[in-house]
Structures are given as C-alpha cells and as structure tokens.
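Numbers 217 to 288, taken from this note's numbering, label the letters of the sequence shown in order. Don't be surprised by glycine CBs; every beta carbon is placed ideally from N, CA and C.
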Amino acid sequence: MSRVHAPTVEVEGIPWPVLGAQVAIIRNGRVLLQFRPWPPGWELPGGHCEDTESPEATATREAEEETGYHIR
C-alpha cells in the first residue's frame, strides 16, 4: 500500500510539491529502520520520487539503494 505525501517547499521563492515514498521492511516481526544524521533520527528507508517515478517504484529503488536488500 502506498500513500502520496506531498509537502510544499520553496525553490527560488516558488512553492512546489515534492513527492516521496518510504518502505517498511519487516522480517520475523522486526522493522528495519535507518539512522539519518541530519536531521538526526531513526526512520524507514525512502526518498524523493524521480520525475516520472511512481511511489511504489521510488520505495523499491530507495530501499535497495539505502539497504542493499533486493525488494520484491
């Protein structure tokens, strides 16, 4: 299941939405989190969508890039 989350940001004074996706990797009842240094904290693997990429494709790509796990 995916959910589109589009916060508004300003680029050169012009607001525009940024789409992103995160994925919950669950195995044996445990959830994989990653630590990000800035802003500091634990979160699910994920990132911003490429130009024509779906949230599902983004979640798969980002999870594989950030964890090295093959997502199916």
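Close CB contacts of E269 within its chain, under the 8 angstroms cut and outside five residues either way in sequence, are with R277 (chain order). Looking from the CA of G236, the closest CA among L248, T274, E282 belongs to T274. In the three-state DSSP reduction, P261 falls in the coil class, being neither helix nor strand.
Ranked by Cα distance from P261, the first of D267, E228, I287 is I287. Comparing C-alpha distances from E266 to each of E226, V234, T224 shows the shortest one belongs to V234.
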